[in-house]
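>
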Amino acid sequence: MAILKNGVKRIGFPILFFSFVWILFRYPGNVWIGYGSVSFLVFLGILLERFLPFEKEWNKKDSDQKSDFVFFLIQPILGPLTGSLVAVATIGLMKYFEISSPDLQNTTLIFQVVLGMSLSGLIPYWLHRFAHVGGGFFWRAHAIHHSPKKLYWMNAFRSHPFNTIWNTAGLLLPSVILGLHTDAVLIVGLLNNFVSIYNHMNIDFRLGFLNTIFNMNELHRWHHSEIPSEGNHNYSSGAFVIWDIIFGSYFLPSKKMNSDSVGLFKPEAYPSESLIKQFLFPICKCS
Numbered sequence: 002m003a004i005l006k007n008g009v010k011r012i013g014f015p016i017l018f019f020s021f022v023w024i025l026f027r028y029p030g031n032v033w034i035g036y037g038s039v040s041f042l043v044f045l046g047i048l049l050e051r052f053l054p055f056e057k058e059w060n061k062k063d064s065d066q067k068s069d070f071v072f073f074l075i076q077p078i079l080g081p082l083t084g085s086l087v088a089v090a091t092i093g094l095m096k097y098f099e100i101s102s103p104d105l106q107n108t109t110l111i112f113q114v115v116l117g118m119s120l121s122g123l124i125p126y127w128l129h130r131f132a133h134v135g136g137g138f139f140w141r142a143h144a145i146h147h148s149p150k151k152l153y154w155m156n157a158f159r160s161h162p163f164n165t166i167w168n169t170a171g172l173l174l175p176s177v178i179l180g181l182h183t184d185a186v187l188i189v190g191l192l193n194n195f196v197s198i199y200n201h202m203n204i205d206f207r208l209g210f211l212n213t214i215f216n217m218n219e220l221h222r223w224h225h226s227e228i229p230s231e232g233n234h235n236y237s238s239g240a241f242v243i244w245d246i247i248f249g250s251y252f253l254p255s256k257k258m259n260s261d262s263v264g265l266f267k268p269e270a271y272p273s274e275s276l277i278k279q280f281l282f283p284i285c286k287c288s
């Protein structure tokens, strides 16, 4: 069993990620297979949280799980709806102002996906970083994501609607502006979603040098630290950490993260007991 667990720690994520990549390229544009596969992988990840947890205590139920379920119901609806509206509006504006996309018609699907994956995280990176550093409305809308004292798969869905809207728009805009094929846009979105869910999971993956490529949980946990010098790093929102490396916010110390240090910088200012106040918090600052 120890050998199996150690193997899953080291190569579990690469196997899952590249298996998903193979499926998406084998059936490009197939929404049912794409979303069905990511749903299956999420279910598998939930099982891995029990088999190989980073912190066993995080698998226990707590008071946040009722509100987590509310966000879990909202995000799968709001995200795609926002993406569709952003795509239609962006294409409409580009036509109105006679702005042409680059001619990528003769490029391969894999080139378009790599290009889309690399650029999709740029706008969300700066929006995310500004929320942490600038504070104000953007931080209050983002704080709901940091309020839990643990990390597990549902944290990925715990996002204020405002935060979901600007993050989805930022992730999608480069692909739409570049005029990527719809198959490429779907693959980019699904891979980003897959990694964004998995990097919040309570799984003790050890990626080694792959932590300089993938925005996974061994790296992303530090972003959820309640200690500002640790939490104000690793802002990447997509699958890759390229923008953290380029802009100097990459943070992965050699020590193991203290599982008790997850949460908000100033939890006393956040309305943690009321879901309604959490939704209103960005606007009314109610606590």
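Counting in my numbering, the sequence shown runs from 2 upward without gaps.
Just so you know, even glycine gets a beta-carbon here, dropped at the ideal spot from N, CA and C.
1. Report the start-end ranges of each alpha helix (DSSP H) in the stretch 81-145 that is 4 residues or longer and not cut off at the edges.
2. Can you grab the Cα-Cα spacing for the pair residue 254 / residue 15, in whole Å?
3. Ignore the nearest five residues each way along the sequence and tell me which others in residue 55's own chain have a CB closer than 6 angstroms to its CB.
4. Below 8 angstroms on the Cβ atoms is my guess for residue 121 versus residue 175; work out the distance and round it to an integer in Å.
5. Within the continuous alpha helix (DSSP H) that includes residue 259, where are the two ends?
6. By a C-beta neighbour count over all protein chains shown, 10 Å radius and 16 as the cutoff for buried, is residue 177 buried or exposed?
7. Looking at the structure shown, is residue 215 part of a helix, part of a strand, or coil, going by DSSP?
8. Is DSSP giving residue 38 helix, strand or coil here?
9. Could you tell me the alpha carbon to alpha carbon distance between residue 22 and residue 104, rounded to whole angstroms?
10. Shortest alpha-carbon distance to residue 167 belongs to which of 140, 226, 149?
11. Select from 237, 214, 225, 200 the residue whose C-alpha is nearest the C-alpha of residue 46.
12. Residue 241 bridges to which residues according to DSSP?
13. Of all the options 266, 270, 260, which has the alpha carbon lying nearest to the alpha carbon of residue 60?
14. Determine the DSSP secondary structure at residue 226, reduced to helix, strand or coil.
15. Is it buried or exposed for residue 32, if we count other Cβ within 10 angstroms and need 16 for buried?
16. So, using beta-carbon positions, are residue 72 and residue 130 closer together than 8 angstroms?
17. Please state if the CB of residue 133 and the CB of residue 264 are separated by a distance shorter than 8 angstroms.
18. From the DSSP output, read off the bridge partner residues of residue 263.
19. Quick test of your reading: residue 235 and residue 245, contact by CB under 8 angstroms. State the CB separation rounded to the nearest angstrom.
20. Restricting to Cα atoms, I'd like to know which of 109, 281, 209 is closest to residue 164.
21. For the structure I just gave you, are there three or more beta carbon pairs, one from the stretch 215-234 and one from the stretch 111-118, closer than 8 angstroms?
22. In the structure shown, what three-state DSSP assignment does residue 60 receive?
23. Using a threshold of 8 angstroms, state whether the C-beta atoms of residue 17 and residue 42 are closer than that.
24. Determine the contact status of residue 216 and residue 196, defining contact as a CB-CB distance below 8 angstroms.
25. Thinking residue 237 and residue 126 are a contact (beta carbons under 8 angstroms), I'd like their distance in whole angstroms, please.
26. Start and end of the alpha helix (DSSP H) containing residue 1?
27. Grouping DSSP H, G and I as helix and E and B as strand, with all else coil, what is residue 268?
So, to answer that:
1. Assignment of alpha helix (DSSP H) within the stretch 81-145, counting only whole runs of 4 or more residues, yields 110-121, 123-135 in chain order.
2. To locate residue 254, count along the sequence shown from 1; it is residue 253. To locate residue 15, count along the sequence shown from 1; it is residue 14. It is roughly 22 angstroms from the alpha-carbon of residue 254 to the alpha-carbon of residue 15.
3. The residue given as residue 55 occupies position 54 in the sequence shown. 203, 205.
4. Within the sequence shown, residue 121 is the residue found at index 120, counting from 1. Within the sequence shown, residue 175 is the residue found at index 174, counting from 1. Confirmed, about 6 angstroms.
5. Reading the sequence shown from its first residue, position 258 is the one you call residue 259. Residue 259 -> no alpha helix (DSSP H), and no H or E assigned at all.
6. Taking the sequence shown and counting its residues from 1, the one referred to as residue 177 is at position 176. So residue 177 ends up on the buried side.
7. Here residue 215 is taken as the residue at index 214 of the sequence shown, counted from 1. In this structure, residue 215 counts as strand in the three-state DSSP scheme.
8. Along the sequence shown, read from residue 1 onward, the residue named residue 38 stands at position 37. In this structure, residue 38 counts as helix in the three-state DSSP scheme.
9. Along the sequence shown, one-based indexing puts residue 22 at 21. Along the sequence shown, one-based indexing puts residue 104 at 103. Going by the C-alpha atoms only, they are around 25 angstroms apart.
10. Here residue 167 is taken as the residue at index 166 of the sequence shown, counted from 1. Of the candidates 140, 226, 149, the one whose C-alpha sits nearest the C-alpha of residue 167 is 140.
11. In the sequence shown, counting from the first residue as 1, residue 46 sits at position 45. When each option's Cα is compared against that of residue 46, the closest is 200.
12. As a working mapping, residue 241 is identified with position 240 in the sequence shown. Per DSSP, 215.
13. In the sequence shown, residue 60 corresponds to position 59, counting from 1. For the residues 266, 270, 260, the minimum Cα distance to residue 60 belongs to 260.
14. In the sequence shown, the residue the question calls residue 226 occupies position 225. Residue 226 falls in the strand class under three-state DSSP.
15. For the purposes of this step, residue 32 is identified with residue 31 of the sequence shown, where counting begins at 1. Exposed: under 16 other Cβ atoms inside 10 Å.
16. Residue mapping note: residue 72 aligns to position 71 of the sequence shown, counting from 1. Residue mapping note: residue 130 aligns to position 129 of the sequence shown, counting from 1. No, Cβ-Cβ distance for residue 72 and residue 130 is not below 8 angstroms.
17. Along the sequence shown, one-based indexing puts residue 264 at 263. Along the sequence shown, one-based indexing puts residue 133 at 132. Contact: no.
18. For the purposes of this step, residue 263 is taken as residue 262 along the sequence shown, with counting starting at 1. In the DSSP output, where bridge partners are listed per residue, residue 263 has 226.
19. In the sequence shown, residue 235 corresponds to position 234, counting from 1. In the sequence shown, residue 245 corresponds to position 244, counting from 1. Correct: roughly 6 angstroms between the Cβ atoms.
20. Translated into positions along the sequence shown, residue 164 becomes position 163. Per the Cα distances, 281.
21. Touching, no, given that fewer than three Cβ pairs across the two stretches are closer than 8 angstroms.
22. Residue 60 sits at position 59 when you count from the first residue of the sequence shown. Correct three-state label for residue 60: helix.
23. The residue given as residue 17 occupies position 16 in the sequence shown. The residue given as residue 42 occupies position 41 in the sequence shown. Yes; because the gap between Cβ atoms is below 8 angstroms, this pair is in contact.
24. Start at 1 with the first residue of the sequence shown, and residue 216 comes out as number 215. Start at 1 with the first residue of the sequence shown, and residue 196 comes out as number 195. For the 8 angstroms CB-CB criterion, residue 216 and residue 196 form a contact.
25. Taking the first residue of the sequence shown as position 1, residue 237 is located at position 236. Taking the first residue of the sequence shown as position 1, residue 126 is located at position 125. For a cut-off of 8 angstroms, the C-beta gap from residue 237 to residue 126 is around 6 angstroms, short enough to register as a contact.
26. This structure cannot settle anything about residue 1, because the visible part of the chain is limited to 2 through 288.
27. Here residue 268 refers to the residue found at position 267 when the sequence shown is read from its first residue. It is helical.
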